[in-house]
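Participant:
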RNA sequence: GCGCCUGUAGCUCAGAUGGAUAGAGCAACGGACUUCUAAUCCGUAGGUCGCAGGUUCGAAUCCUGCCAGGCGCGCCA
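Numbering (the working numbering), first residue to last: 23 to 576.
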């Protein structure tokens, strides 16, 4: 519908030019929007204002020229008007809308999908938490955002791969091993001095107990280095398995789990450092090797190999990102916690040094989550090990509510997550409001089947009966859905989906309260059933992009 | 000190590329269930868009400077 209007405008502008009513063939992009107020029509364009400069004409005169050559779009429009500083408002013939319902029914799960991605290969890397402890709520937000972005992009025709990078190398892992080792000795009755820089959480004791009970009975008799290494491997594997399970329970799966250690084992880190040294981008200074990231926009150069010969995480991250592009991704999106924002400049520099364009690398920075209970902050401290895990939150409030809340805020804004609110079944917690639409419609369909209407097939005589204002409103909202998805993909803004769904849900609930779907009039009933079925499909599709379930009963 | 993010109704938040009278939900107040699920709906009230300048036909949106909060600024990860 919108693109038809756009075409009408372009044609009108060309004809106006040919007729001498416009002066320049330089036309701006034609933007058509749905005005906020119905009194401004179904669609509006600001074409005349945008064209004012190149046409050297007053906006309203351009608008007049446009309207004169516009016609009625083959009966699509009832009228057009010029308003305000030069808007052209379009009023669509109400009987033109219902056909869209059959389009939604036909396209079904594909309604809202598009091909704007043109098969471009995109990788979304998200969560990638270190395997040194369970996921907490903050990771949950990153998981919800990354997963949803991946779903939206895939729906828009991008070839998406989701990946989790496991930091299974380096000092943190060693510390993890040491922590478990010391707890194991402790459990074995040996007095130990547990250092403060080791991981304090109870899960470390659990891991030690598990290890001793299974493959680690001989642990206390091994020499320390070997025992720590074994503890590290056991603990990292076990925690990674737990993380994977927590994510599955949260509705998130990956195409690939990528091991940092593998980059060392394959020699990729070494190779890429050697190549960068050969090019002089990595240079020796005071015994350490530095990456000249300042040449590419960073505020200072960064160390990749320390004086003691150990590589930094940055070194393996460079090798990792080079590997991504070698695997053929045109575009790489990393989802990071906001506390890593200082890392963006150097990573971008590294990507550019590796021969990619800057815009092939994007970081989605997810702001922090403040966990509350009944308005009061829940204390979270990683150091003491007292933090609330993602699993605990999902167990308490449910995956649907948690995901919806994570995705209903722009990830650029810090998020207050109140456990009590997340459990409420009021409109304070809109996930149920949206799901309720799906359940209500399912209920109507069940009732219809009981009355012998089991196939809801569109036909024009039924569609013509959709004339109520609330019905046209609903159809117009359905018509907007594809562009909402497209916009969410372009702006990497998943939060637009839940906001759209809440709006659609509000329109449906209002309609439901005012009009009956099941009536004595067969054509009217079928028309309305088609409409609500279309609404149900869009709700389901939209919730699918958020990985929130669409229940038939509540 | 420097950098990034945030500041919109009492509360939680939307307002992409500058557009018409700044929108929802919650909370408050008043109404609607013998009818397809009341986890719903209808109505009322609620605003110096942090502050001050600037850019232009037009600014919550762009620019500059302040103010407030969060997070970063290691040869840590």
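Where a beta carbon is used, it is the ideal one built from N, C-alpha and C, also for glycine.
To the nearest angstrom, how far is it from the Cα of residue 385 to the Cα of residue 469?
Facilitator: Residue mapping note: residue 385 aligns to position 363 of the first chain, counting from 1. Residue mapping note: residue 469 aligns to position 447 of the first chain, counting from 1. Those two C-alpha atoms are separated by around 49 Å.
Participant: Determine the extent of the alpha helix (DSSP H) in which residue 339 is found, giving its start and end residues.
Facilitator: Translated into positions along the first chain, residue 339 becomes position 317. That run of the alpha helix (DSSP H) goes 335-348.
Participant: If we call anything under 8 Å between Cβ atoms a contact, is residue 312 one with residue 324?
Facilitator: Within the first chain, the letter at position 290 stands for residue 312. Within the first chain, the letter at position 302 stands for residue 324. Yes, Cβ-Cβ distance for residue 312 and residue 324 is below 8 Å.
Participant: Should residue 21 be labelled buried (16 or more other beta-carbon atoms within 10 Å of its own) or exposed?
Facilitator: The structure shown has nothing for residue 21, since the chain only spans 23 to 576.
Participant: For the beta strand (DSSP E) that contains residue 183, what are its first and last residues?
Facilitator: Residue 183 sits at position 161 when you count from the first residue of the first chain. That run of the beta strand (DSSP E) goes 181-188.
Participant: Taking the beta carbon of residue 306 as the centre, do at least 16 other beta carbons fall within 10 Å, making it buried, or is it exposed?
Facilitator: Locating residue 306 in the first chain gives position 284, counting from the first residue. Per the 10 Å Cβ criterion, exposed.
Participant: Using only the alpha-carbon positions, how far apart do residue 484 and residue 121 sit?
Facilitator: Translated into the one-based positions of the first chain, residue 484 becomes position 462. Translated into the one-based positions of the first chain, residue 121 becomes position 99. Those two C-alpha atoms are separated by around 11 Å.
Participant: Out of 413, 52 and 486, which one is the CA nearest neighbour of residue 156?
Facilitator: Within the first chain, residue 156 is the residue found at index 134, counting from 1. It is 413 whose Cα lies nearest to the Cα of residue 156.
Participant: Let me know the alpha helix (DSSP H) ranges lying completely inside the segment 72-160, each 4 residues or longer, listed in chain order.
Facilitator: Whole alpha helix (DSSP H) segments, 4+ residues: 81-90 and 121-129.
Participant: Are the CB atoms of residue 233 and residue 244 nearer to each other than 8 Å?
Facilitator: On the first chain, position 211 is the one that residue 233 refers to. On the first chain, position 222 is the one that residue 244 refers to. Not a contact, by the Cβ cut-off of 8 Å.
Participant: What is the DSSP secondary structure of residue 510, counted as helix, strand or coil?
Facilitator: Position 488 of the first chain, counting from 1, holds the residue named residue 510. Here residue 510 sits in helix by DSSP.
Participant: Thinking C-beta only, is residue 360 closer than 8 Å to residue 387?
Facilitator: Looking up residue 387 in the first chain gives position 365. Looking up residue 360 in the first chain gives position 338. Yes, they are a contact pair.
Participant: Measuring straight from C-alpha to C-alpha, what distance separates residue 31 and residue 321?
Facilitator: For the purposes of this step, residue 31 is identified with residue 9 of the first chain, where counting begins at 1. For the purposes of this step, residue 321 is identified with residue 299 of the first chain, where counting begins at 1. For residue 31 and residue 321, the distance between alpha carbons rounds to 48 Å.
Participant: My output table needs one value for residue 307: the three-state DSSP class, helix, strand or coil.
Facilitator: Residue 307 sits at position 285 when you count from the first residue of the first chain. Strand.
Participant: Please state whether DSSP places residue 245 in a helix, a strand or coil.
Facilitator: Position 223 of the first chain holds residue 245. In the structure shown, residue 245 sits in coil (DSSP, three-state: anything other than H, G, I, E or B).
Participant: Measuring only the C-alpha atoms, how far is residue 392 from residue 438?
Facilitator: Along the first chain, read from residue 1 onward, the residue named residue 392 stands at position 370. Along the first chain, read from residue 1 onward, the residue named residue 438 stands at position 416. Spanning the two alpha carbons is a distance of roughly 5 Å.
Participant: Between residue 504 and residue 426, what straight-line distance do the alpha-carbon atoms span, to the nearest angstrom?
Facilitator: On the first chain, position 482 is the one that residue 504 refers to. On the first chain, position 404 is the one that residue 426 refers to. Roughly 20 Å separates the two Cα atoms.
Participant: Assuming residue 465 is part of the alpha helix (DSSP H), what are its boundary residues?
Facilitator: Residue mapping note: residue 465 aligns to position 443 of the first chain, counting from 1. Its alpha helix (DSSP H) spans residues 452-472.
Participant: At a cut of 8 Å, does the segment 179-188 reach the segment 271-288 through at least three beta carbon pairs?
Facilitator: Judged by Cβ distances under 8 Å, the segment 179-188 makes contact with the segment 271-288, as three or more pairs qualify.
Participant: For residue 110 and residue 144, which I take to be in contact (beta-carbon distance under 8 Å), what is that distance rounded to the nearest angstrom?
Facilitator: Taking the first residue of the first chain as 1, we reach residue 110 at position 88. Taking the first residue of the first chain as 1, we reach residue 144 at position 122. No, residue 110 and residue 144 are not in contact; Cβ-Cβ is about 37 Å, not under 8 Å.
Participant: Note down, in chain order, each residue of its chain lying with its Cβ closer than 7 Å to the Cβ of residue 496, except the 5 sequence neighbours on either side.
Facilitator: For this step, residue 496 is matched to residue 474 along the first chain. Same-chain partners within the cutoff: 529, 530, 533, 553 and 557.
Participant: Can you tell me which of 568, 555 and 572 puts its alpha carbon nearest to the alpha carbon of residue 562?
Facilitator: Counting from one through the first chain, the residue named residue 562 turns up at place 540. Among 568, 555 and 572, the Cα nearest to that of residue 562 belongs to 572.
Participant: Buried or exposed for residue 576, please, with buried defined as at least 16 other CB atoms from any protein chain shown within 10 angstroms of its CB.
Facilitator: For the purposes of this step, residue 576 is taken as residue 554 along the first chain, with counting starting at 1. With fewer than 16 other Cβ atoms within 10 Å, it is exposed.
Participant: Given residue 519, which residues of its chain have a CB within under 8 Å of its CB, disregarding the five upstream and five downstream residues?
Facilitator: For the purposes of this step, residue 519 is taken as residue 497 along the first chain, with counting starting at 1. For residue 519, where only same-chain residues beyond five positions count, the Cβ hits under 8 Å are 170, 174, 429, 506, 507, 510, 564, 567 and 568.
Participant: Please report the residue range of the beta strand (DSSP E) in which residue 325 lies.
Facilitator: Taking the first chain and counting its residues from 1, one reaches residue 325 at position 303. Per DSSP, residue 325 belongs to the beta strand (DSSP E) from 324-327.
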